[in-house]
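All remarks here apply to the structure that follows.
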C-alpha cells in the first residue's frame, strides 16, 4: 500500500492526535469535519467531495452515532482503489452495515477498534483492525506513526467485537472497584480494603489469579452464591444499592441452574473447560 | 495470652487444616463436631460441654448457617477467662449477634474473616481478626502456625465487613471474566481476547490501571454508558444474557443520575475523590 495522502473524516481528539502523528511521519494529511472548517495545526480543511477525491485512504473518526451517516456521504465520491477505514467505537454489526455501504462504491473497507484511551496513549494507542485489506492497512499505519495498529482478522466486525466484549471486563472492573470502595468507605474500611486488594493483585500474577477464579467456579459457585447474597444484604444495610454484587448473585445462580457443579465434580485442570461448558449450556 | 489448649467447634476442611497446624506447633487441640464423633488424626473428640471446660480458646469453624446456633450451645458452658473466636464466613451483623450471645457469659469474643481459599493456602491463609482481644489472639495464632492471621480493628464485625465488601471485587471479577470469555468464545475471538487481557494486566501495574479507571469515571461515564448499551446488545445478539454487562449499564446510569460528570468537569487528581463524592451523593 503506497498511499500517502490521508483524509480524516472528523477531527475530534482521536482525529487530531492521529493526524498530527501522520503529518510528522511524512503523510499528506487533510480533513473534513462538520463543526471545524478552518485549517488546523497545518492540516488543511477540504469539503467531503474534495477530500475523498484527493486522498487514497480515508479514516472515519467521528462520534459513533454518525458512523453510518458519514459513510453514506463519503460513498457518493468513493471509487475502486480508494480505502475507507472506520475507526469509530461501534459494534461489529454496525461495522458490517458500513462495509456494505462503502463496498457498493467499489472501494475497499477496513474497520478498526481503538482499545486504549487516546487521551492517555496518544498515537501509541492499541488498535485492532479487521477486513480483507486490514493487513496492508496495519502496515501503512505503523509506518505513519501509529505503531500499535495490529492486524486482527479478515472478517469485518471481528476487531470491534473484541473491543465490545473486552469492555465487559474493563468497564465492569471500573464499576466493581467503585462499588467496593464506596461500600468500604461507608463501612469505614476503605483504606485497608484498597491496600489489601492492591497488595493481592500486585503480589500474584494476574493470569494465575484469573485462571484460579475461573477453574474454581463450578465447584464453588453454590458457596459463592450464598456468600454474595449476604454481601448484597450487608451493602443494602449500609443504605447502598449493590448493583454489581446483585448481578454476581444472578450470575452464580445461573451457573447453578445449568448444572455446572454436576458437570465438574472436581476443579478442572484448565479454565477454558469451564468457559466451553458454560457456552454450550447457554442455549441461544 | 498463654493459652495452649485449643478447642475446635466444627472439623470441616478449615478446622482440620488449622487443627493439624496447631498440633504441630505445640498446642493441645480438641474438637467437637455434630457429624464426626471419633478422634481424628490424633485430635480427640470431646462433647461440647467438656470441650469448653477443657479449652482456653474455642474456635468456631462451622458452616455459616450454624454460627448463631453453636454460639448459643457453647455459651451454656463458657465463663470469664475463656475466649471464643468465630471464624465463620458471615456478615458483620451476624458476628455482632454472636458477640452478644458469647459476651453474656463473661467470656471474650473475637471474630475473624478468612480471606483466602484454605484449600489452596492451608494454614497460611490470610485471616483478619477484630474485637477487643483480637490483637493478642492474632499473636497467639501466629505462634501456633497460622502465620497470616492479622489484627484488623477492635470493633467486632469490621473484619467480616472487609471480607464481605472485598467479595464484590473478587467474586465480581470471576463473573466478569467468565461472561467476557463465554461471549468471546461464541464470537470466535476468546483466545485473542484472553491473550490481550492477560498481556494488558501483566504489563501495567494494577494500582495505576485501577486508579485510572476510577479517576476517569466521572468524565467518561456518559460515553461508557452508551458503549455498554451497545455491548449488551452485541452479547444478546449472540444469544447470551449479559448479566454483568447489564449491571455496568445500570451503574454508569446511576453515576449520571447523581450528577458525577457535573461534579468533576475534569479528571480528578486522586481516585478517592470520586469514591468520596459518590458515597456522599448516594443517600441511605
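Chains as they are written, first to last, in the numbering used here: chain V, 12 to 295; chain Y, 12 to 295. A virtual CB, placed ideally from N, CA and C, is assigned to each residue, including glycine.
If you draw a straight line from the Cα of residue 190 (chain V) to the Cα of residue 254 (chain V), it comes to about 8 Å. Look at the segment 83-103 of chain Y: the residues with a C-beta under 9 Å from a C-beta of chain V are 100, 101, 102, 103. For the set V:102, V:112, V:108, V:105, the Cα lying nearest the Cα of residue 89 (chain V) is the one of V:112. Look at residue 168 (chain Y) here: in three-state DSSP terms it is coil, with no helix or strand label. Note on residue 87 (chain V): under 16 other CB atoms within 10 angstroms of its CB, so exposed under the neighbour-count rule. Leaving aside the five residues that flank residue 85 (chain Y) on each side, the residues in its chain whose CB is nearer than 7 Å to its CB run, in chain order, 20, 59, 63, 69, 95. At least 8 Å separates the beta-carbon of residue 250 (chain V) from that of residue 175 (chain V).
About 5 Å separates the beta carbons of residue 98 (chain V) and residue 72 (chain V), which is inside the 8 Å limit, making them a contact pair.
Boundaries of the beta strand (DSSP E) harbouring residue 94 (chain Y): 94-97, taken from the DSSP string.
In the DSSP assignment, residue 143 (chain V) falls outside any alpha helix (DSSP H), carrying neither H nor E. Annotation: residue 109 (chain Y) to residue 101 (chain Y) spans about 11 Å, alpha carbon to alpha carbon.
Distance from residue 149 (chain V) to residue 160 (chain V) at the Cβ level is roughly 5 Å; contact confirmed, criterion being Cβ atoms closer than 8 Å. With contacts defined as CB atoms closer than 8 Å, residue 231 (chain V) and residue 246 (chain V) fail to qualify as a contacting pair.
At a cut-off of 8 Å, the C-beta of residue 241 (chain Y) has a neighbouring C-beta in chain V. Take residue 144 (chain Y), set aside five residues on each side of it, and the residues of its chain with a beta-carbon closer than 7 Å to its own are 94, 119, 121, in chain order.
Using a Cβ distance threshold of 8 Å, residue 157 (chain Y) and residue 139 (chain Y) do not count as a contacting pair. Chain Y places no beta carbon closer than 8 Å to that of residue 119 (chain V), leaving this residue out of the contacts. By the rule that beta-carbons nearer than 8 Å mark a contact, residue 295 (chain Y) touches chain V. Residue 38 (chain V) sits close to residue 15 (chain V), with the two beta carbons spaced by under 8 Å. Here the segment 196-216 of chain V lies against the segment 177-193 of chain Y, with 3 or more beta-carbon pairs under 8 Å apart. Between residue 44 (chain V) and chain Y, the shortest Cβ-Cβ separation is not below 8 Å. Rounded to the nearest whole angstrom, the CA to CA distance from residue 214 (chain Y) to residue 282 (chain Y) is 21 Å. Annotated three-state conformation of residue 78 (chain V) is helix, per DSSP.
The beta-bridge partner set that DSSP reports for residue 16 (chain Y) consists of Y:39. Look at residue 158 (chain Y) here: in three-state DSSP terms it is coil, with no helix or strand label.
For residue 45 (chain Y), the closest alpha carbon among the candidates Y:216, Y:77, Y:293 is that of Y:77. Between residue 56 (chain V) and residue 43 (chain V), the C-beta gap is smaller than 8 Å, which places the two residues in contact. Contact of residue 197 (chain V) with chain Y is assigned, a C-beta pair being separated by under 8 Å. Here DSSP, grouped into helix, strand and coil, assigns residue 51 (chain Y) to strand. By a beta-carbon distance limit of 8 Å, residue 141 (chain Y) does not contact residue 105 (chain Y). Their separation comes to about 14 Å. Nearest neighbour of residue 31 (chain Y) by Cα position, chosen from Y:135, Y:234, Y:198, turns out to be Y:135. Around the beta carbon of residue 53 (chain V), fewer than 16 other beta carbons sit within 10 angstroms, so the residue counts as exposed.
Linking residue 192 (chain V) to residue 79 (chain V) through their CA atoms gives a straight-line distance of about 40 Å. Within chain Y, the residues 189, 192, 193, 196, 201 have their CB atoms less than 8 Å from the CB of residue 286 (chain V), given in chain order.
The closest CA to that of residue 35 (chain V), considering only V:17, V:293, V:115, V:116, is found on V:17. In terms of beta-carbon proximity, residue 132 (chain V) stays away from the interface with chain Y, with every pair separated by 8 Å or more.
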